[in-house]
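Trainee: This structure is in structure tokens; I'll ask about it shortly.
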Amino acid sequence: MSIDGFETEVHAWGRRLAERLPHGARNPAALAERRMMRVMIGDPRLRAALFRFVDVRPACRDRGELVRHLHEYLEEASAGANGSGTARRLSGLIGRRPFELPTASAAALGVASMSRRFIAGEDAAAAATELTSLWQRGRCVTLDLLGEATLTEAEGDVYAMRCADTLNVLARVSAAWQPQPLLEHDGLGRLPRANLSVKVSALTPHLRANAPVRALEAARERLLMLLRLARDSGAHLHIDMESLDTRQSITELVLELLGTPEFEHGPSAGIVLQGYLTDSEEELERLLGWLRERPRSAPFTIRLVKGAYWDHEVVMAAQNGWESPVFTDRRSCDRHYEHLARRLLDARAEGLKLRPAIASHNLRSLAHALAYSDRLGLEPEAIELQVLRGLGDDTAAAITATGRRVRVYCPVGDLVAGMAYLVRRLLENTSNDSFLAAQTTGAVLDLLLEKP
Amino acid sequence: MSTESTFRNEPLLEFRRESVRAQALRALDELREKLPLRIAGSGEGELISTNPANPAELIAITSDSSRDTADAAVERATAAFVGWSALEAQERAAVLQRAAGLMRERRQELAALAVLEAGKPWAEADGDVCEAIDFLEYYAAGVIALEQGRPLVQLPGERNTLRYFPRGVAAVIAPWNFPLAIPTGMVAAALGTGNTVVFKPAEQTPACGHAVVEALHSAGVPADALALLTGRDEPAKALVAHPKVHMIAFTGSVAAGLSILRTAAEQAPGQHHIKRVIAEMGGKNCVIVDADADLDDAVPAIIKSAFGFAGQKCSAASRVLVHRDIADALNERLAGAIETLRVGPAEDFASDLSAVIDEEATARIGSFLAGAEHEPRATAAVPGDDGHYVVPTLFVDLPGDSRIINEEVFGPVLSSERVESVEAALALIESGTYGLTGGLFSRSPSTIDMVSRRGVVGNLYVNREITGAMVGRQPFGGGRLSGTGPKAGGPDYLLQFVEARSVSENTVRHGLVI
Chain A
4 MSIDGFETEV
14 HAWGRRLAER
24 LPHGARNPAA
34 LAERRMMRVM
44 IGDPRLRAAL
54 FRFVDVRPAC
64 RDRGELVRHL
74 HEYLEEASAG
84 ANGSGTARRL
94 SGLIGRRPFE
104 LPTASAAALG
114 VASMSRRFIA
124 GEDAAAAATE
134 LTSLWQRGRC
144 VTLDLLGEAT
154 LTEAEGDVYA
164 MRCADTLNVL
174 ARVSAAWQPQ
184 PLLEHDGLGR
194 LPRANLSVKV
204 SALTPHLRAN
214 APVRALEAAR
224 ERLLMLLRLA
234 RDSGAHLHID
244 MESLDTRQSI
254 TELVLELLGT
264 PEFEHGPSAG
274 IVLQGYLTDS
284 EEELERLLGW
294 LRERPRSAPF
304 TIRLVKGAYW
314 DHEVVMAAQN
324 GWESPVFTDR
334 RSCDRHYEHL
344 ARRLLDARAE
354 GLKLRPAIAS
364 HNLRSLAHAL
374 AYSDRLGLEP
384 EAIELQVLRG
394 LGDDTAAAIT
404 ATGRRVRVYC
414 PVGDLVAGMA
424 YLVRRLLENT
434 SNDSFLAAQT
444 TGAVLDLLLE
454 KP
Chain B
226 MSTESTFRNE
236 PLLEFRRESV
246 RAQALRALDE
256 LREKLPLRIA
266 GSGEGELIST
276 NPANPAELIA
286 ITSDSSRDTA
296 DAAVERATAA
306 FVGWSALEAQ
316 ERAAVLQRAA
326 GLMRERRQEL
336 AALAVLEAGK
346 PWAEADGDVC
356 EAIDFLEYYA
366 AGVIALEQGR
376 PLVQLPGERN
386 TLRYFPRGVA
396 AVIAPWNFPL
406 AIPTGMVAAA
416 LGTGNTVVFK
426 PAEQTPACGH
436 AVVEALHSAG
446 VPADALALLT
456 GRDEPAKALV
466 AHPKVHMIAF
476 TGSVAAGLSI
486 LRTAAEQAPG
496 QHHIKRVIAE
506 MGGKNCVIVD
516 ADADLDDAVP
526 AIIKSAFGFA
536 GQKCSAASRV
546 LVHRDIADAL
556 NERLAGAIET
566 LRVGPAEDFA
576 SDLSAVIDEE
586 ATARIGSFLA
596 GAEHEPRATA
606 AVPGDDGHYV
616 VPTLFVDLPG
626 DSRIINEEVF
636 GPVLSSERVE
646 SVEAALALIE
656 SGTYGLTGGL
666 FSRSPSTIDM
676 VSRRGVVGNL
686 YVNREITGAM
696 VGRQPFGGGR
706 LSGTGPKAGG
716 PDYLLQFVEA
726 RSVSENTVRH
736 GLVI
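Below you can see the structure in the form of structure tokens.
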């Protein structure tokens with residue numbers, strides 16, 4: 004089949020997904036939000052002010068403090084000749100006494116309602132109804148426990164215990180779910196219903212960029228405990244990837260533990276590959292090499308993401324004088340992502356016990372992976388797609404409607420914990436490079452599906 | 226183009242990559258093969274340096290210079306001044322740049338030397354090398370810019386110029402804590418502007434001092450225009466009192482700095498000038514944490530500022546002033562974070578902090594700890610070997626007159642006090658004597674603005690660690706008892722090393738402007 008022929012299939016998949024996107028226009032809340040996103044995309048200074056407010060919100064003791072901070076951010080955003088007019092109007096409004104408290108309350112409520120869209124609940128138990136509802140609608144989930152940074156051993160213990168509790172709650176809640184064959188089986192066997200994503204940086208305060216050995220020692224016991232619990236309760240444990248500073252620690256720790264005889268037959272586990280890293284192909288080859296050398300009977304999932312620490316990596320590199328470890332050009336990044344997706348699917352087709360998971364909100368990237376999977380002749384269950392709760396809800400609905408498996412990444416946690424996450428998601432959502440922003444502003448489908 | 230638009234800091238080694246760490250460890254092994262280094266000197270007695278983490282390991286053997294050696298070096302530098310100061314600024318700048326290149330070629334080896342001789346953990350040792358290179362490059366550019374003089378008001382019939390000239394012989398007296406960067410900065414500024422230099426490195430780090438001099442000599446500085454004077458106090462005192470020394474650039478303790486200022490103010494027989502003293506001294510650096518701070522950011526930044534290089538930086542944080550509303554939460558997390566610190570040899574990448582410089586330092590810091598009014602809130606474990614290790618310690622709510630709160634400890638000791646407000650914290654800082662660095666954690670633009678205006682420090686850091694000033698980005702130095710106030714690595718620093726001369730020429734002849 005020719006390359007052009009393949010592009011035709013990618014576009015066909017893209018259209019199939021796009022046609023199945025729900026019409027958000029019918030929902031007034033979604034409409035209002037879309038309007039707000041458009042305003043923020045066009046007004047970076049207002050956007051900065053609102054992000055800073057979202058960020059400080061949990062640290063404000065009372066409404067007076069809320070008002071003061073909001074007012075100061077808006078004033079800053081409206082200062083100067085190129086200040087934001089919207090920020091100036093809002094700031095003037097807050098400056099007037101009768102409006103102060105109502106505005107602060109509305110702003111606080113706004114933040115809370117926004118955060119509810121991204122965060123499924125305070126903990127797994129609180130999110131149970133939502134998880135069950137997603138399952139009934141044909142979508143599986145993975146839970147992510149938001150929290151403050153782990154800076155002490157006690158905080159590492161608390162996080163590990165929260166993970167253990169979550170695994171237990173997930174096992175109990177998911178036991179009552181109706182069978183969903185697409186979500187529970189693929190050619191490699193059973194797919195656990197309970198699925199938890201963990202962060203090594205939350206398990207230990209000993210992650211050191213210059214000394215991976217520190218985390219290997221310090222996180223081992225807690226991760227061992229979670230792997231055993233996942234194995235015994237039949238859950239999937241996914242180890243998230245974070246900034247490049249921690250990649251070596253995380254990868255070595257996970258591969259070392261999973262390589263021990265104790266975990267040969269379980270649990271189902273996985274790791275993350277960040278496509279925005281320029282050396283991510285070497286990293287993938289390393290993971291595939293490990294899979295070939297150490298054949299576990301339990302399948303291994305590799306979740307391919309673009310990567311969520313782009314600004315951090317670029318800033319760190321610039322301040323230290325290093326070459327950027329991430330692609331700085333969107334098209335090269337997207338192209339590389341597609342390349343990695345093909346390598347993953349090739350490896351599955353080759354017969355490795357590998358479950359490729361394609362996590363993206365980019366319709367083109369998803370369509371590309373689906374078309375390639377079809378082209379290799381893989382069965383429909385062989386590929387999993389993943390989206391974030393709140394950002395990828397429409398995409399998830401469309402994927403489900405095409406009869407493919409989609410997993411929704413659901414963060415849970417309290418307001419304080421959720422803010423950093425929320426800010427990151429909002430920034431992602433309204434940045435100029437964002438696929439979702441392009442979608443929001445009404446870009447033409449063919450452009451969105453263009454080959455990067 | 227201005228220096229600010231062209232200068233870029235030397236990239237740090239990317240130690241997060243395994244191959245880069247392996248290369249550094251190889252350089253350390255190679256250096257070890259050559260130990261002890263023998264540094265030629267004309268002094269009589271012997272001076273040795275050792276590894277702070279393993280005092281039995283000899284790093285360098287050199288001589289302990291006497292007053293006579295110092296006098297002779299000043300005489301030679303005086304003679305060399307004629308030729309060196311006559312060079313074009315461009316030529317002197319080129320020499321500095323060549324020295325930067327030579328240090329760049331020996332990056333790993335120089336960092337390894339700082340690891341072994343000063344007990345600096347790798348990242349900080351490498352930072353020291355980079356800063357040395359930065360000073361050379363930044364001042365080289367500054368020397369060329371300074372040569373242009375400054376624009377003046379010009380009227381018909383006169384030509385007015387303002388140009389800068391070197392002072393003469395500069396004595397550079399350097400500390401051990403930035404054993405490469407600080408001497409390189411002071412020496413480069415003096416040489417670049419046309420002065421000749423007699424350089425006395427700290428007695429603990431003669432090999433690092435020698436490495437700086439070696440790079441500059443190899444780059445083209447004549448031997449007599451830059452003399453290395455290893456030794457203890459005697460040669461430094463002789464330099465300060467010498468009638469032919471024109472300026473003294475010093476970085477070190479307050480006591481030594483004030484003593485230098487006093488001595489330098491005396492006119493020695495045969496002295497025809499006022500000595501200029503640049504003194505960078507201590508600090509008692511505070512970090513204010515307001516109620517709206519993000520503790521996820523504040524705690525690691527405070528830990529790094531207080532315990533990096535075992536607190537042996539003049540910029541190190543030693544006092545936290547935290548808003549009472551979040552004091553308990555902050556103290557709890559600081560305590561837990563300190564307990565996770567790993568203390569060990571600097572050469573081990575897994576060490577967060579290493580031994581302090583010498584036995585005198587362990588005794589001095591020990592006396593602070595022994596005199597504490599109550600038990601520490603938290604400590605970290607230290608190795609039980611012969612290294613000069615000090616237990617990293619956090620005290621909470623010490624009484625206001627505690628020595629630990631009021632004096633510079635220069636070690637891994639942090640105290641945390643609760644305050645009513647940011648204003649109250651500022652008042653506490655103002656009532657102290659120092660003014661070097663300070664930190665603020667706040668998410669309120671108006672609070673940040675207020676502290677920026679009212680804080681009495683030379684370097685204020687907002688929502689970040691308070692150490693690690695970068696050349697050209699965070700010009701470094703404080704006022705009050707922290708120093709005479711020049712900003713190292715900033716646009717004004719070189720002015721300290723020159724005298725300005727204004728020339729006004731009458732251009733009217735026979736009633737005509739020519």
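Chains A and B, in that order, give the protein sequences.
First residue of the first sequence? That's 4 in the working numbering, and the numbers climb one at a time after it.
First residue of the second sequence? That's 226 in the working numbering, and the numbers climb one at a time after it.
Ideal placement from N, C-alpha and C gives every residue a C-beta, glycine not left out.
Let me know if B/T231 comes out buried or exposed under the rule of 16 or more other beta-carbons within 10 Å of its beta-carbon.
Mentor: Answer is exposed; the Cβ neighbour count stays below 16.
Trainee: If you follow the alpha helix (DSSP H) that B/K462 is in, where does it begin and where does it stop?
Mentor: First-last of the alpha helix (DSSP H) with B/K462: 458 to 466.
Trainee: According to the neighbour-count rule (16 or more other Cβ atoms, all chains shown, within 10 Å of its Cβ), is A/R297 buried or exposed?
Mentor: The residue in question, A/R297, is exposed, as its Cβ has fewer than 16 Cβ neighbours within 10 Å.
Trainee: Would you kindly report the start and end of the unbroken beta strand (DSSP E) that includes A/L276?
Mentor: That run of the beta strand (DSSP E) goes 271 to 277.
Trainee: DSSP three-state label for B/I264, please.
Mentor: It is coil, neither helix nor strand.
Trainee: Hey, out of B/V368, B/I284, B/V568, whose CA is closest to B/G410's CA?
Mentor: Nearest option by C-alpha distance: B/V368.
Trainee: Are any of the Cβ atoms in chain A nearer than 9 Å to that of B/A531?
Mentor: It does not: the Cβ of B/A531 has no partner Cβ on chain A nearer than 9 Å.
Trainee: Please list the residues of the stretch 667 to 687 of chain B that have a C-beta atom closer than 8 Å to any C-beta atom in chain A, keeping them in chain order.
Mentor: Cβ contacts with chain A: R668, S669, P670, S671.
Trainee: Select from A/S300, A/S246, A/L355, A/R299 the residue whose C-alpha is nearest the C-alpha of A/S283.
Mentor: The shortest C-alpha separation from A/S283 is found at A/S246.
Trainee: Use the C-beta contact count for A/H364: other C-beta atoms within 10 angstroms, 16 or more gives buried, fewer gives exposed.
Mentor: Counting Cβ neighbours within 10 Å, A/H364 comes out buried, since at least 16 surround it.
Trainee: Which first and last residues belong to the alpha helix (DSSP H) in which A/Y340 is found?
Mentor: A/Y340 -> alpha helix (DSSP H) spans 333 to 352.
Trainee: Tell me whether the beta-carbon of B/N385 lies closer than 9 Å to the beta-carbon of B/S729.
Mentor: A contact, by the Cβ cut-off of 9 Å.
Trainee: Can you tell me the Cα-Cα spacing of A/L170 and B/I590, whole angstroms?
Mentor: Each residue's alpha carbon lies about 48 Å from the other.
Trainee: What does A/L465 reach in chain B if we use C-beta pairs closer than 9 Å?
Mentor: Because chain A in this structure spans residues 4 to 455, residue 465 of chain A falls outside the shown range and cannot be described.
Trainee: Let me make sure I understand the geometry here. Which of A/L148, A/K202, A/N198 has the alpha-carbon closest to that of A/G237?
Mentor: When each option's Cα is compared against that of A/G237, the closest is A/N198.
Trainee: Can you tell me whether B/L451 is helix, strand or coil according to DSSP?
Mentor: Residue state, collapsed to three classes: strand.
Trainee: Going by the DSSP bridge assignment, what does A/S74 pair with across the sheet?
Mentor: One point to set straight first is that residue 74 of chain A is His, not Ser, in the sequence displayed. Note: A/H74 sits in no beta bridge, so no partner.
Trainee: Residues of chain B with CB under 7 Å from A/A110, in chain order?
Mentor: Residues of chain B passing the Cβ test: none, with the nearest at roughly 15 Å.
Trainee: Hey, out of B/H613, B/N510, B/R643, whose CA is closest to B/E655's CA?
Mentor: Nearest of B/H613, B/N510, B/R643 to B/E655, Cα basis: B/N510.
Trainee: Need the endpoints of the alpha helix (DSSP H) that B/A350 sits in, please.
Mentor: Here the alpha helix (DSSP H) through B/A350 covers 347 to 372.
Trainee: Return the CA-CA distance between B/I499 and B/L719, expressed in angstroms with no decimal places.
Mentor: Their Cα atoms are separated by approximately 18 Å.
Trainee: Report the option in A/V201, A/G278, A/L96 whose CA atom is closest to the CA atom of A/A311.
Mentor: If we check each option's Cα against that of A/A311, A/G278 comes out closest.
Trainee: What are the boundary residues of the alpha helix (DSSP H) that includes A/V257?
Mentor: Start and end: 250 to 261.
Trainee: Given a limit of 9 Å on CB to CB distance, which residues of the stretch 517 to 543 of chain B reach chain A?
Mentor: Within the stretch 517 to 543 of chain B, the residues whose Cβ lies closer than 9 Å to some Cβ of chain A are D517, A518, D519, L520, D521, D522, V524, P525, I528, listed in chain order.
Trainee: Count the other CB atoms within 10 Å of the CB of A/M4; is the residue buried (16 or more) or exposed (fewer)?
Mentor: At A/M4 the pLDDT is 49, less than 50, meaning the model places this residue with poor confidence and gives no usable figure here.
Trainee: Taking the alpha-carbon of B/D611 as reference, which of B/A603, B/G569, B/F620 has the nearest alpha-carbon?
Mentor: Comparing Cα positions, the closest option is B/G569.
Trainee: Verify whether the separation of the beta carbon atoms of B/N684 and B/S540 is less than 9 Å.
Mentor: For B/N684 and B/S540, yes; Cβs fall inside 9 Å.
Trainee: With DSSP collapsed to three states, give me the class of B/N234.
Mentor: Looking at B/N234 - three-state DSSP - the assignment turns out to be coil, as it is neither helix nor strand.
Trainee: Hey, out of B/L253, B/L256, B/E383, whose CA is closest to B/R734's CA?
Mentor: Ranking the options by Cα distance to B/R734, first place goes to B/E383.
Trainee: For a quick check, are the C-beta atoms of B/S543 and B/A535 less than 9 Å apart?
Mentor: Cβ distance not < 9 Å, so B/S543 and B/A535 don't count as in contact.
Trainee: Leaving out five residues before and five after A/C413 in sequence, what residues of the same chain have Cβ atoms less than 6 Å from its Cβ?
Mentor: Excluding sequence neighbours, A/C413 sits near A123, V144, L146, R392.
Trainee: Which whole-angstrom value describes the C-beta separation of A/V411 and A/P61, a residue pair presumed to lie in contact below a C-beta threshold of 8 Å?
Mentor: With a Cβ gap of about 25 Å, A/V411 and A/P61 do not count as contacting.
Trainee: Between B/E724 and B/R317, which are expected to be in contact by the criterion C-beta below 8 Å, what is the C-beta distance as a whole number of angstroms?
Mentor: Contact doesn't hold; Cβ gap of about 16 Å is too wide.
Trainee: Where does B/S290 sit, in a helix, a strand or coil, going by DSSP?
Mentor: Residue state, collapsed to three classes: coil.
Trainee: Could you tell me how far apart the beta carbons of A/Q181 and A/G141 are, in whole angstroms, since I believe they sit closer than 8 Å?
Mentor: Not quite, the Cβ-Cβ distance comes to about 11 Å (not below 8 Å), so this is no contact.
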